[in-house]
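>
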Amino acid sequence: MPWLQKLFLSRRRWILGVLGVLLILAVGWGATAWRARRIDAYLREALLYQATAIAQNVDPEIAKALTFTPADKGAPAYERLRAQFTAYGQIIPNRGIYTMALRDGQIRFGPENYPENDP
22 MPWLQKLFLS RRRWILGVLG VLLILAVGWG ATAWRARRID AYLREALLYQ
72 ATAIAQNVDP EIAKALTFTP ADKGAPAYER LRAQFTAYGQ IIPNRGIYTM
122 ALRDGQIRFG PENYPENDP
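Read in the working numbering, the sequence shown has 136 at position 115, and its numbers run on one by one without any break.
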């Protein structure tokens, strides 16, 4: 019978070891998922804050003057907004600031802070 007890104890230790590893993996996965959700929420909040700050500084009359077509390039309203976005883009860690407008049921892009030769 001693060999049966040894077998039972070794099997029990093995099962407890596997359960311990599974518990550690589950806790690690849960902690990682929780942390990822917190970072995602923080980044979304920061981006919303930046977008709101930019939008509050856009003069609605200037935006209304734009057609959001290639014909806007070179227009004073377009260049003013582009200069604003370029200046703001120098102080925030986002690569691009751009505008979109719904015109005739289509989304059109307008002034942005990307350089002219940007792909």
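For each residue, glycine too, the CB sits at the ideal point set by N, CA and C.
Nothing here was measured: the structure is a model prediction, and the numbers come from that model.
Just verifying my parser: in three-state terms, what is the DSSP assignment at Gly49?
In this structure, Gly49 counts as helix in the three-state DSSP scheme.
> Taking the beta strand (DSSP E) that Ile128 falls in, what are its first and last residues?
Residues 127 to 133.
> Here's the rule: buried if 16 or more other CB atoms are within 10 angstroms of the residue's CB, otherwise exposed. What is Ile118?
That one is buried.
> Quick one, are the C-beta atoms of Asn78 and Gly110 less than 8 Å apart?
No.
> Return the bridge partner residues of Ala122 from the DSSP annotation.
Note: Ala122 sits in a beta bridge opposite Arg129.
> When DSSP labels each residue in this structure, what does Phe106 get in the three-state scheme?
Helix at Phe106.
> As an exercise, report each continuous alpha helix (DSSP H) stretch of at least 4 residues that is fully enclosed by the segment 36 to 102, in chain order.
DSSP runs (the alpha helix (DSSP H)) wholly in the segment 36 to 102: 81 to 85.
> Compute the distance between the beta-carbons of Pro132 and Phe106, then report whether it is under 8 Å.
In contact: Pro132 and Phe106 (Cβ atoms closer than 8 Å).
> In the structure shown, what three-state DSSP assignment does Arg116 receive?
Three-state DSSP puts Arg116 in coil, outside helix and strand.
> Rounded to whole angstroms, what is the Cα-Cα separation between Pro136 and Leu40?
Cα to Cα, the separation comes out at about 56 Å.
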